[in-house]
Every structure is written in structure tokens, then in C-alpha cells.
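Just so you know, we're using the numbering used here here: the sequence shown kicks off at 31 and counts up by one.
Here's the structure, in C-alpha cells; my notes come after.
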Amino acid sequence: SKEKIGYIRLPRFYDDFEDNEGRSCADDVAAELEKLKAENVQGIILDLRNNPGGSLRDVITMTGFFIEQGPVVQVKSRGHTAEVLGDRDPGVKWDGPLTVMVNHNSASASEIIAAALQDYNRAVVVGTTSTYGKGTVQRFFDLDYSVMGFQDIKPLGALKATIQKYYRINGGSVQLKGVTPDIILPDNYYYLATGEKDNEFAMEWTEIKPAEYGQHVYQAKAKAKLAEHSAKRVENSEVFQRILENAEKLKQRRDNSEYSLQLDTYRAEQAALEAEYDEYEKLFDREVVFGVANLPVDLPGLEGDEGRKARNDDWVGNVKKDVYIQETLNVMHDLLGSK
């Protein structure tokens, strides 16, 4: 395909809370969107895999890059009505096709933007069976403040308390369930309980009244057909089928708590597992994404900085070998063809 697709990888929602003029992920992503538009890309992939979250302010701002003004997330404390937090800027920085990549380790702020763009039908969410499922807000309380005059008993430490839950604009909580992608791809944890729902004392899933929302920027069309096409590709993919086989083995190992107490037997079993893992890893050491290149405007910044160039070359190499990016590109190709 000769389609030109932009790719943005965001590792976390970072912000400088002590300096309003400091660096923020929203500003950085806005700059990257402008550079991609200058290259006339036809679609954009926003990769939030393994993104643990971060700044709520930035995730609201960033969601607003893809919609007109409107609600992004609802936050509710016990005994209070829900507060709707949203984007007030009617401007849109990208009005074309958009896919959002997530996995089991996409949490908190990552889930907020993925859920909002899914509820608006603004993007196609691609990823594992669900995101992490962290739909709560915590606050730290310094216990020393409550005993200011008693130096001899300090330090008492801090208390971390859950004070709020956040909800999607459709009213559903992200807690426990996470965000279920429109296109589900298998991974090593496909058959395992992971994320917040794997915690023994996690808060339950709840639901509140939906917010009023809608957008007229871009409607992601024919999601059911996109999912059907992707499922067929996964079924015919040697790599994804091997991933499913490995996922089954991992579940069997977790369910089986018996280990040999004979040292030689145990070592032999571990050696066999390591050899099997090494063979499995070879599947991901070949290029599957072609035509990957840095933006021309970024190339001068790599010249003369060997360390930065080496890190970039390593990153580009990993992108080329990423089967999940490959399949997301296939989904984007289908999305572009669904106009």
C-alpha cells in the first residue's frame, strides 16, 4: 500500500505540575500532529500500549485534539453528583481517520482517552481483550500534618485513600472491566485475568447517567466489518496463532502449582522452558512493517548526536518488527477503504 500513515507512541501522560511553562505531553503531541499533517498523512495511529496514565489535564486536552468541544470523562465522589470534565476548545487538530492502540497495561488516563474516543465513535480502538481497568482516583494524606505538635511520634508516614471513581461519558465505569477494544488481538495473557480485576479487594464496576455528547468531525465506520476482516487475518497469521498457543501454555502453568522437588528434574524443566521461550521469541525478530521512516523535519536533530541516533535506530527497528502495529496498519487500510 502507498498510504502514508502517521504513528505517535506516547509512553505516559507526563506534565510539569510545578511549571505552567514546562513540558507537557499534550503540547508535544500537538506539535507531532502538526508535523504529520504537513506530511499529508491519511491516517494516524496513537499508540498507548503500556501507558500507565498520568496527567488528567493533559488527557482531556489531548482528547480535544480529535473532537469539537465536549465532555471527556465523569468524576464522582461518594454522596455527590458526578462532575463532567471536558474539552472547551472547539478547535480540532486532526479530523481524519484515527486508531488507538492499547493493551492490558494501558491504565488510568490511557483508558480515559480510549474510552472517550470510542464513545464518540471518533476512533477505532485496537488491542488486547481489555485495558487495565483502573477507574479510581487516589489521594495521599500526610499523617504528620495531623500531629504537628508531637515531634516524638513522627514520622507516621502517609495514607493513600481512594476518593473518587471516574466514568466514561456513556455512563459506564472503567473500573475492573477496562476498555474493550473494537478490534481484539491475542497476546500472551489472552486467557489470564490481569489488571485491576486480578486484585483481591478491587472496587466493583458501577454505572451512572450518561453525559450528553456527540461529534461531527469524523465517524469511524463499519467497525463490525473491520473486526471481521481483522479476525480472519489473525486466524491465518502464523505469529498470532503461536501467540494464542503460548497464551494457553501460560494459563496451564499458572493453573498448575505443582513443581518437582528433585533439583535435577526442576533444572531440566526450566531449561526446556527457556529453550521453548527462545524459539518463541524468534517469531518477533523479523521485519513485518515496511516503509517505516522518521519525519524529514526530525532528521537534522539526529545528525551529530550518536547516542540519540542509536536510540532512534533501535526504536525504528522495534516498530518494524511489531506485529501489533502491522495489524493496526491493516485495520487502518480497511478503515480508509470504508469511506
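Even glycine gets a Cβ: it sits at the ideal position worked out from N, Cα and C.
C-alpha distance - residue i paired with residue j, whole-angstrom precision
i: R79; j: H134; result: 8 Å
i: I97; j: I75; result: 16 Å
i: I90; j: L115; result: 8 Å
i: R198; j: A305; result: 44 Å
i: Y44; j: D88; result: 8 Å
i: A146; j: A137; result: 14 Å
i: R263; j: Q148; result: 23 Å
i: D212; j: N50; result: 36 Å
i: T192; j: G202; result: 18 Å
i: T166; j: G52; result: 27 Å
i: N238; j: D117; result: In the sequence under discussion, the amino acid at residue 238 is Ile, which differs from the Asn named in the question. For I238 and D117, the distance between alpha carbons rounds to 20 Å.
i: T210; j: A68; result: 33 Å
i: Q356; j: A139; result: 25 Å
i: F95; j: V103; result: 15 Å
i: N276; j: A223; result: 15 Å
i: F320; j: E141; result: 29 Å
i: G84; j: K227; result: 20 Å
i: L206; j: G225; result: 8 Å
i: S107; j: N200; result: 18 Å
i: E39; j: D77; result: Note that residue 39 is Arg in the sequence shown here, rather than Glu. So the two alpha carbons sit approximately 5 Å from each other.
i: L365; j: S260; result: 11 Å
i: A56; j: T93; result: 9 Å
i: D217; j: A301; result: 23 Å
i: D315; j: S267; result: 16 Å
i: K339; j: G36; result: 20 Å
i: Y220; j: Q181; result: 52 Å
i: D343; j: A323; result: 10 Å
i: L313; j: L86; result: 37 Å
i: I183; j: V204; result: 40 Å
i: M362; j: K253; result: 11 Å
i: N229; j: L325; result: 42 Å
i: S176; j: T161; result: 38 Å
i: S54; j: P41; result: 13 Å
i: I143; j: L329; result: 30 Å
i: Y196; j: K32; result: 41 Å
i: A241; j: P120; result: 18 Å
i: D294; j: V349; result: 40 Å
i: G157; j: E48; result: 34 Å
i: G367; j: Y296; result: 53 Å
i: W345; j: T159; result: 26 Å
For residue i, the residue or residues it bridges with in DSSP
i: Q104; result: V114 and Y197
i: G84; result: F43
i: T192; result: Q168
i: L66; result: DSSP, once it has assigned bridges, lists no residue as partnering L66.
i: L76; result: I38 and V130
i: S54; result: D45
Presumed contact (8 Å Cβ cut-off) between residue i and residue j, rounded CB distance
i: K34; j: N70; result: 7 Å
i: G208; j: G179; result: Not confirmed; about 46 Å, so no contact.
i: Y354; j: L215; result: 6 Å
i: K381; j: V318; result: Limits of the chain in this structure are 31 at one end and 369 at the other, which puts residue 381 out of reach.
i: Q245; j: G109; result: Between G109 and Q245 the Cβ distance is about 32 Å, and since that is not below 8 Å, they are no contact.
i: Q168; j: V105; result: Wrong, their Cβ atoms sit about 13 Å apart, outside the cutoff.
i: S290; j: E278; result: Actually they do not touch by this definition, with Cβ atoms about 22 Å apart.
Heavy atom of the ligand FMN within 8 Å of residue i beta-carbon
i: G116; result: Of the ligands one can find in the structure shown there are none, so the ligand FMN has no counterpart to examine.
Tell me the start and end of each unbroken alpha helix (DSSP H) in the segment 199-271 that is at least 4 residues and wholly inside, in chain order. As far as the segment 199-271 is concerned, its whole alpha helix (DSSP H) runs of at least 4 residues are 253-265.
Would you call the segment 116-130 and the segment 144-154 in contact, with 3 or more CB pairs under 8 Å? Contact between the segment 116-130 and the segment 144-154 is present, because at least three Cβ pairs lie under 8 Å.
For the 8 Å Cβ check, are there 3 or more pairs between the segment 62-70 and the segment 102-120? Per the Cβ contact rule, the segment 62-70 is not in contact with the segment 102-120 (fewer than 3 Cβ pairs under 8 Å).
Should the segment 303-323 be called in touch with the segment 245-252, which here means at least 3 C-beta pairs below 8 Å? By the Cβ rule, the segment 303-323 does not count as touching the segment 245-252, because fewer than three pairs are nearer than 8 Å.
Taking only runs of the beta strand (DSSP E) that begin and end inside the segment 119-169, which ones reach a length of at least 3 residues, in chain order? List check, beta strand (DSSP E) in window: 128-132 and 154-157.
If contact is defined by three or more beta carbon pairs under 8 Å, each pair taking one atom from either stretch, is the segment 283-298 in contact with the segment 327-335? Taking 8 Å as the limit for Cβ pairs, the verdict is that the segment 283-298 does not touch the segment 327-335.
Segment contact flag, the segment 186-197 with the segment 166-173, C-beta cutoff 8 Å, min 3 pairs: Under the Cβ criterion (8 Å, minimum of three pairs), the segment 186-197 counts as touching the segment 166-173.
Decide yes or no for the touch test of the segment 229-237 against the segment 264-278: beta carbon pairs closer than 8 Å, at least 3 of them. Counting Cβ pairs under 8 Å, fewer than three are found: no touch.
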